[in-house]
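To keep things clear, I will list the structure first and then write my remarks on it.
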Amino acid sequence: MAATSGSCVERVKGTATHLTGKPQAPRMNRRSVLASGALAVAGALSGCLAVFNSASGAGDDYDVGMGDSAYEPAEVTVDVGDTVVWKNTSGRAHTVTAYDTGVPEGGTYFASGGFDDEQAARDAWTRGAGGIVTGDTYEHTFETAGEYEYVCIPHERQEMIGTVVVEE
Ligand SMILES: [Cu+2]
Numbered sequence: 026m027a028a029t030s031g032s033c034v035e036r037v038k039g040t041a042t043h044l045t046g047k048p049q050a051p052r053m054n055r056r057s058v059l060a061s062g063a064l065a066v067a068g069a070l071s072g073c074l075a076v077f078n079s080a081s082g083a084g085d086d087y088d089v090g091m092g093d094s095a096y097e098p099a100e101v102t103v104d105v106g107d108t109v110v111w112k113n114t115s116g117r118a119h120t121v122t123a124y125d126t127g128v129p130e131g132g133t134y135f136a137s138g139g140f141d142d143e144q145a146a147r148d149a150w151t152r153g154a155g156g157i158v159t160g161d162t163y164e165h166t167f168e169t170a171g172e173y174e175y176v177c178i179p180h181e182r183q184e185m186i187g188t189v190v191v192e193e
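Counting from 1, position 76 in the sequence shown corresponds to residue 101 in our numbering; the numbering is continuous, with no gaps.
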């Protein structure tokens, strides 16, 4: 099994280098990250599965990238219970801040930094809190169906706005 695992890691690295032209850390399967109780051996196995998933894009370690002034993609569609992972793929700090009016009835407010509402997130940003720095991730699990709208506070004027559509 050790030999098989090793070759999986090699393939992950090879793919990442080929696609981006620069070395990257081996991709992690985020489900293995979320399952904190998982045994180490299970993590190794899911790492192998991620090789095959990444061929279709499904095994990426994030769902929404954050470019200089845009969420990429700006809209994603997921199912109830899914976790969306944002990753700052740019060189500047961003936020993921739900609009108070952008959360459907019964939905949970979300914002990087863990704030309870939009105003708290905006106030915090003026103090430099709640940002997602280069390479960092933020994630939220959507338990209620509907359409969620969110914004990057520092790049609102550049219309850095995103939507998560959560289906039943
Ligand atoms: Cu931004």
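By construction, the Cβ of each residue, glycine as well, lies at the ideal position given by its N, Cα and C atoms.
Extent of the continuous alpha helix (DSSP H) run through residue i
i: E143; result: E143 to T151
Environment of residue i [buried if 16+ CB atoms lie within 10 Å]
i: D7; result: A question about residue 7 goes unanswered here, because the residues of the chain that appear run from 26 up to 193.
i: A99; result: exposed
i: E143; result: buried
i: G127; result: buried
i: R182; result: exposed
i: G195; result: With the chain running from 26 to 193 in the structure shown, residue 195 is simply not present.
i: P155; result: According to the sequence displayed, residue 155 carries Gly and not Pro. Buried, because 16 or more other Cβ atoms sit within 10 Å of the Cβ of G155.
Cutoff 7 Å; reference residue i; Cβ partners in own chain excluding five residues on either side
i: E172; result: P129, T188 and V190
i: Y163; result: W111, V121, S137 and I157
i: G160; result: N113
i: F140; result: A146, A149 and G155
i: G90; result: E97, K112 and T114
Integer-rounded CB distance, given that residue j should sit under 8 Å from residue i
i: E174; j: Y134; result: Incorrect: roughly 12 Å between the Cβ atoms, too far for contact.
i: R120; j: P179; result: The question names Arg, yet the displayed sequence has Thr at residue 120. Correct: roughly 7 Å between the Cβ atoms.
i: Y96; j: V110; result: Between V110 and Y96 the Cβ distance is about 12 Å, and since that is not below 8 Å, they are no contact.
i: T108; j: T166; result: 4 Å
Boundaries of the beta strand (DSSP E) in which residue i is found, first to last residue
i: V176; result: G171 to V176
i: H119; result: Element bounds for H119: n/a, residue is neither H nor E.
i: D104; result: E100 to D104
i: E164; result: T162 to T166
i: T188; result: I186 to E192
i: W90; result: For the record, residue 90 in the displayed sequence is Gly; it is not Trp. Taken as a continuous stretch (DSSP letters only), the beta strand (DSSP E) holding G90 covers V89 to M91.
i: V158; result: Note, V158: premise wrong, no beta strand (DSSP E); not H, not E.
i: T133; result: Counting along the chain, T133 falls outside any beta strand (DSSP E), and DSSP gives it neither H nor E.
i: T108; result: T108 to N113
Close-in-space but distant-in-sequence residues of the same chain around residue i (CB under 6 Å, 5 per side omitted)
i: C177; result: H119, T120 and M185
Reference residue i; option with closest CA among the options
i: D104; options: E168, A154 and T151; result: E168
i: G106; options: G132, M91 and V89; result: G132
Same chain only: Cβ atoms within 8 Å of residue i, ignoring 5 sequence neighbours per side
i: R147; result: T122 and I178
i: R170; result: Sequence inspection shows Ala at residue 170; the Arg mentioned does not correspond to that position. Same-chain partners within the cutoff: V105, P129, V191, E192 and E193.
i: G153; result: none
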